[in-house]
Amino acid sequence: MTRADGTVPLQVKVEDATVASTLKTRPTPLRVPAWKALLRRLADRSALHDAGAQ
44 MTRADGTVPL QVKVEDATVA STLKTRPTPL RVPAWKALLR RLADRSALHD AGAQ
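End of the sequence shown = 97 in the working numbering, gap-free, step of one.
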């Protein structure tokens, strides 16, 4: 199953803990400029990384 923007949702679990997930990230609308979509993806990725470090 793919999203409207062509990405595939991903969730990584180790035993019972979810270590990475893209299930709750914002979908990127098709009309957003490419540079803005890239910034959103990087912000989402860093937010997931920061959450995992705590």
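Idealized CB from N, CA, C, for every residue including glycine.
*Excluding the five sequence neighbours on either side, which residues of its own chain have a C-beta within less than 6 Å of the C-beta of Ala86, listed in chain order?*
Start at 1 with the first residue of the sequence shown, and residue 86 comes out as number 43. Here the set comprises nothing.
*Classify Lys79 as helix, strand or coil using the three-state DSSP reduction.*
Here the question's residue 79 lines up with position 36 in the sequence shown. Correct three-state label for Lys79: helix.
*Nearest-angstrom Cα distance between Val75 and Leu53?*
Within the sequence shown, residue 75 is the residue found at index 32, counting from 1. Within the sequence shown, residue 53 is the residue found at index 10, counting from 1. Approximately 22 Å between the Cα atoms of the pair.
*Would the C-beta of Val55 count as close to the ligand HEM, meaning under 8 Å from any of its heavy atoms?*
With respect to the ligand HEM, the structure offers nothing, as it holds no ligand at all.
*May I ask which residues mark the beginning and end of the beta strand (DSSP E) holding Ala60?*
Working through the sequence shown from its first residue, we reach residue 60 at position 17. 60-64 is the extent of the beta strand (DSSP E) around Ala60.
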